[in-house]
Amino acid sequence: MRYPCSSRRTIDISDFVDLGDIEPVYFDRTYCIAPRSKEYTKVYELLRAPLAEAGKVGIARSRCAARST
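In our numbering, the protein residues as written are 292 to 360.
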């Protein structure tokens, strides 16, 4: 699901944790982040690959207009 976000195009990652440490109840509403275009694929992969290898996930907060997720 995409949300238009004209005022801010960043995501603040507050922590990295083991995937197994997250209670299943929090998977009810998850968001998957992906690069916006091919030019950002390499930068995205620099974050994604080590996290996947370590079994870690990022805990993040994004803000689009008046809505905070």
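Don't be surprised by glycine CBs; every beta carbon is placed ideally from N, CA and C.
Check whether residue i and residue j have beta carbons under 8 Å apart
{"i": "Ile-302", "j": "Ile-350", "result": "no"}
{"i": "Pro-326", "j": "Tyr-335", "result": "yes"}
{"i": "Asp-264", "j": "Gly-346", "result": "The displayed coordinates of the chain run from 292 to 360. Any statement about residue 264 would go beyond what the structure contains."}
Given residue i as reference, the closest of the options once Cα atoms are compared
{"i": "Val-348", "options": "Asp-319, Cys-323 and Val-316", "result": "Cys-323"}
Helix, strand or coil at residue i [DSSP, three-state]
{"i": "Arg-293", "result": "With a pLDDT of 46 at Arg-293, under the threshold of 50, the predicted position of this residue should be treated as unreliable, though the coordinate-derived value follows. Three-state DSSP puts Arg-293 in coil, outside helix and strand."}
{"i": "Gly-346", "result": "coil"}
{"i": "Ala-351", "result": "strand"}
Spatial neighbours of residue i in its chain, beta-carbon cut-off 8 Å, leaving aside the 5 residues before and after
{"i": "Thr-332", "result": "Pro-326"}
Cβ-based neighbour list, residue i, same chain, cut-off 6 Å, excluding 5 preceding and 5 following
{"i": "Arg-352", "result": "Asp-303"}
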